[in-house]
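See structure below.
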Amino acid sequence: MSEPLLIDKSKKGRKAYCFPALDLPRGFEQALPDIPASMLRVKAARLPEVAELDVVRHFTKLSTQSFGVDNGCYPLGSCTMKYNPKLGELIAQLPAFTTIHPLQDLSTAQGSLSIMYNLLEDLSSITGMSWGSLQPCAGAHGEYTGLKMIRAYFMKKGETKRTKVLVPISAHGTNPASAAMNGFDVVTIASDREGLVDMDDLASKLDDSVAALMLTNPNTLGLFEKNILKISSMVHASGGLLYYDGANLNAIMGMATPGDMGFDVLHLNLHKTFSTPHGGGGPGSGPVMVNDILRPFLPKPDIELTDGGYAYSWDRPDSIGKVSMFWGNFLVLLRAYVYVLRMGSEGIRAASSHAVLNANYLKSRLEKHFDIPYGTKVMHEFVISCESLKKEYGITAQDIAKGLIDEGYHPPTMYFPSLVPEALMLEPTESESIETLDAFADTLIAILERAKEDPLYLKGAPYTTPVGRLDEVKAVKEPDLRY
Amino acid sequence: MVYPYIPHTDEDRRRMLEAIGVSSIEELYSSLTEDLLLSDSVPISHGRTEDEVLRMITAIAQRNSTGIPFLGCGCYDHLVPSTVQTLASLPSFVTAYTPYQAEMSQGLLQVIYEFQSMICEITGMDISNASLYDGANAAAEAATIMISHKRKSSAVLVSSTIHPFTLQVLNTWALGTGHEIRLIPERQGVTDLKKLDDLLQEEVAGLIVQTPNRYGLLEDFSGIADTLHAKGCLLAISSDLLSLAMQKSPAEWGADIAVGDTQALGLPLAFGGPSCGYMAVSTALMRKIPGRIVGATVDKQGRRGYTLTLQAREQHIKREKASSNVCSNQALAALMTTIHLSSLGWGGMVEAAKQSYVKAHYLAYHLAQLPGMTLVWDVPFWCEFPLVFSDAKKMRKFLQELRNEGIFAGVRLSGLTRQVKDELVLLVAVTEKRSREELELYLAAARRVMK
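Residue numbers (the working numbering), protein chains in the order written: chain A, 2 to 484; chain B, 15 to 465.
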C-alpha cells in the first residue's frame, strides 16, 4: 500500500507543534522598526497542516518502505554496508555534543576538539599517513579536497603543465568527476587481462604532464593491485603523485597501509569502513589524509594540541582553504571514533580479515553457478557477470537483483564496474554470519534455477514491494519532481 | 577477544576456510607482498567494551561546556519538535544506503520528494535537489552552474557581505581551476549594488549574494536580476531557509538559483555538522543542477512510485563530464528538516521567524542604550545583529563576564574573517527559543559590564 503525500492529508488549522507565547513587555511589538514592504515575502508556502500523530504515522509508514542494514543482508559492492553499532547512535545523541555551537569559545569545546584530534591520530596510524583534515563531508568531497591539494602543490612548485589525472577504467565515477571539477584533464588507464592496472598502458601515459594517478586498492573488482610498489615508484619517478580512493579500505585495515604502498594522499569513507550509518545517502564523512609532502596544503584550520589545550591553527599560508562551512560532519566523526575505540588495533584487523573471509566464502558458494570473470582469490568483494545468462536465457543482472528483493535481500551493486558486462558486485562485509551467507547463496542459486525454467517470472519481479519496476523513461521525459 | 560486530566462531572460520580451500585467512592476502603486510598491529589502543567506551566518552564530554547560546553565523539554536529526532532515528532510515533500488526504497524516496517539494515551496523556485553538504558547498555548486551556463565565462561575482566561511569555500573552489571569485564591495553593511554595472564584465558568469548577510542584515536586491539577465548572467541568493518565512523569497527577487542551509529547521548545533545544504533552481537549469533528484512516475500497473531521476547529469553515468562529483549528500539531515517542516507547517515557520525577529530586536534595542556598544548601520535585520564595541579590551571583558554567567554572548566576527577591521564586531543571534528570562539575564549582565 502506498502512503499519500503528507500535504494531501493537510487540514487548515491543524497543528503538530505549538510555540510558547511571546512574553515580551506589552507594546514592544508595536515599537518595532518597519521592514520595507518591498523586502517582505508575499506568497505563503504550501506546507502540511496536520496533527502530531499524523506526522508520526506518516514517517513511520515511510520507514517501513525503506530497507537498511538493520533490516537484512545488504551486499552492495563498494558501499561496505556493515553493521552500524548502536553505541554510536546513543553517544551521538548526548546533549554534551549536540548542543555545542561551532563558534563558541574553544575553551568550552575541548571535548569535541579532543575527539577530532584523537580520531585524526588514529586514522593517521591506520592509514600510515602523517595527518589529515576532517572537513570533507563525503567520499567525493574528500576526493575533491585531495585533488585540490595536488593542484596547489604543483602550483607552488611552478609545475603548471601537470594538467592530467590518470584514472583506471574500473575506478568509481566520482574519481574522474572530482578530477574534472579541479580543472584536470582525465586520462583513462586500461585494465589488463587479470583486471589490474595495465602496466604498459600506464607507462605509456606517464610523463611530465601528469599530476596524479588515482587508484582504489583493492580495486572495484575486489583485486589487490599487486604491482602497487612498482606503480608508485613509476608515478613518483615521473614527478607525479599517487591518490588513494579509500572506498575499499575495509579489505586491508590493520593488515597493510596506503602509506606503505606509496600513496601521497587519500580519503576515507567513515560511513563505509568505520561503520557510521549511511542515513539513506548521507551524511557521511570523507577525511583526507596526507604524507609530509602535502601536509602544508591541508584545508584550514588545522587542529593542534597546545599548552592551553586543543586549538585551531589558521596561519597556514599554503593551505587550500576551507572546504566546508564549519569543521566537518562532527556527529559522524564522533560515531567513527566510538567505533575505533571499541574495535582497537586487533579489532580493526579482525574486521578487515573477516570481510575478506566472507567475500571469499560467498564466492566459493557461488562460483559453480555464476560466471566470476576476475580473480581466483579476492579481497572484500567480487563481481559476477550475468552476460552468459543474458545470452542463453535473456536474464539480466537487473532481473536477478529484482528477484533478490522479493526474498528480503538488498541486491548487489548493478552494472558496475563497466569492465564486466551485466555486472553484479557483491560485498558481504564482516558483519554477516556463515548462516546468512549460506542462506543468501542458496537464494541466489534458487533464483537462477527458477529463472532458467521460467524467465518471464523473474522479468516481473519484484512482486512483494509497494510498486513494481518503475517507468524510468517517463520519469525523465515528464519530470514530476515536487508536489 | 570476541568482537560483537563480527559473528564468526572458530568453527565457522574453519568451515569457511575449508570451503575456500585455504588454510588460513592470511593466505587470502597472498597478493600483498611481504614488505606491505604489517608485522605489528597498528599503533592505536586496544579494543574496549561498550561500558568502557561510554565511560571514556562521557569523561571527554565533560570537557565541553554549554551556555545559553546567543550564537549564530550560520548555525542557530531553534526549537525542535520531539518528532524530529525520534522519527529520524528509525533504523530503516538510518541504516539504508542511497535508494538505488527504488521498489524497496519507496519510503526514503518519498521523503526526498517531499523535501524537494518543501524547498521549492519555501524558496519559490521550480526544482530542488535531494540536498548538498552545506550552504557553503551549495554556493560553490552554484558558481559551477554559472560558469557552465555562460559561454567563455571565467569569473563569478560575490558580495563582500556573504558569510566569511562561504567566501573561503568559494575561494577554494576557484583555486587552480582558472576560475575567479571577484568581490563586490559593501557599503553600510550591505552589498554596494551601485558597483554592479561596472563589475559586469564579459567574463562574469553571475552573482552570488546572501540575505540575511554576514552581519545578519537583510539585503534589498531590487532590480538586480534584470541587470544580470540582460548580460546573460545568473543570480544566486543564499539564505537561511527559515528567514524566508519573513523576507522575500529568492524567486520573488528573480533569482535563478537559491542556496543555503536548512540547519535552522530541525538540526542540532552539533559543533556545526551535519548540516544540510539546499539548492533549488529555475526550470531552465534543470539539466545543470548537481546531485540526486527524485521524481514520481508509474510502474507497469500504473501505480505511482518514486525513483532517482535525471541521472544523466551525475558522476556514476557521466564520469568526468558530470555536472558535479557529488554522490553521498546529507539525506538523513534532509529527513530531519522534512519532519520539522511537516510538524511546524507554514504557520509554525512564520511564528518561529517572527518570534526570532521580535526577540532579537528587543535585545538589540536595549543593548543599544548602553555605553561602549552601538548598532552601527540603520539597515533592517532579522534574528542576528552586529554590535560594535568602542574598544577591544571592553569587548573581551564583556564576553568573559557573560560566559562566567553561563551566557555565550555572541560570535566575534574577526574570529571568522581574521581581519583587524572586524575586531570590534560582535554578532549576536536571538531565536524564538530564548526565553524572556534569558534575554533579561543577558541584559542585566551587559548593564553590569558596560556601565
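Built from N, CA and C at the ideal position, the CB exists for glycine as well.
Consult DSSP for residue i and reduce its assignment to one of helix, strand or coil.
i: residue 297 of chain A; result: helix
i: residue 183 of chain B; result: helix
i: residue 259 of chain A; result: helix
i: residue 261 of chain B; result: strand
i: residue 399 of chain B; result: strand
i: residue 451 of chain A; result: helix
i: residue 414 of chain A; result: strand
i: residue 130 of chain B; result: helix
i: residue 133 of chain A; result: strand
i: residue 18 of chain A; result: coil
i: residue 269 of chain A; result: coil
i: residue 61 of chain B; result: coil
i: residue 201 of chain B; result: strand
i: residue 110 of chain B; result: coil
i: residue 234 of chain A; result: helix
i: residue 36 of chain A; result: coil
i: residue 361 of chain A; result: helix
i: residue 293 of chain B; result: strand
i: residue 556 of chain A; result: The shown model of chain A, from 2 to 484, leaves out residue 556 of chain A, and the question about it has no answer.
i: residue 213 of chain A; result: strand
Locate the beta strand (DSSP E) running through residue i, then write down its first and last residues.
i: residue 426 of chain A; result: 424-427
i: residue 105 of chain A; result: Looking at the DSSP string, residue 105 of chain A is not in any beta strand (DSSP E), and its letter there is neither H nor E.
i: residue 320 of chain B; result: 318-322
i: residue 173 of chain B; result: 169-173
i: residue 121 of chain A; result: Segment 111-128 is the alpha helix (DSSP H) holding residue 121 of chain A; no beta strand (DSSP E) there.
i: residue 167 of chain A; result: 165-169
i: residue 275 of chain B; result: 271-275
i: residue 305 of chain A; result: 303-307
Taking CB distances under 9 Å as the criterion, tell me whether residue i reaches chain B.
i: residue 315 of chain A; result: yes
i: residue 98 of chain A; result: yes
i: residue 467 of chain A; result: yes
i: residue 237 of chain A; result: no
i: residue 423 of chain A; result: no
i: residue 174 of chain A; result: yes
i: residue 359 of chain A; result: yes
i: residue 445 of chain A; result: no
i: residue 234 of chain A; result: no
With 16 other CB atoms within 10 Å as the buried threshold, where does residue i fall?
i: residue 370 of chain A; result: exposed
i: residue 19 of chain A; result: exposed
i: residue 313 of chain A; result: exposed
i: residue 70 of chain A; result: buried
i: residue 498 of chain A; result: Outside the shown range of chain A (2 to 484) lies residue 498 of chain A, about which nothing can therefore be said.
i: residue 176 of chain A; result: buried
i: residue 78 of chain B; result: buried
i: residue 369 of chain B; result: buried
i: residue 465 of chain B; result: exposed
i: residue 147 of chain A; result: buried
i: residue 297 of chain B; result: exposed
i: residue 121 of chain A; result: buried
Using 9 Å as the limit for Cβ to Cβ distance, is residue i near chain A?
i: residue 407 of chain B; result: no
i: residue 391 of chain B; result: no
i: residue 394 of chain B; result: yes
i: residue 157 of chain B; result: no
i: residue 169 of chain B; result: no
i: residue 128 of chain B; result: yes
i: residue 239 of chain B; result: no
i: residue 459 of chain B; result: no
Please report the residue range of the alpha helix (DSSP H) in which residue i lies.
i: residue 306 of chain B; result: That residue, residue 306 of chain B, is in no alpha helix (DSSP H); it is neither H nor E in DSSP.
i: residue 66 of chain B; result: 64-75
i: residue 162 of chain B; result: 149-163
i: residue 239 of chain A; result: First-last for residue 239 of chain A: undefined, no H or E at that position.
i: residue 361 of chain B; result: 345-381
Using only the heavy atoms of the ligand NAP, determine whether one of them is closer than 8 Å to the beta carbon of residue i.
i: residue 109 of chain A; result: Although the ligand NAP was asked about, the structure shown includes no ligands whatsoever.
Whose Cβ in chain D lies nearer than 8 Å to the Cβ of residue i?
i: residue 109 of chain A; result: Within the model displayed, chain D is absent; protein chains A and B are what it includes.
In chain order, what residues of the segment 283-297 of chain A put their CB closer than 7 Å to some CB of chain B? 283, 284, 285
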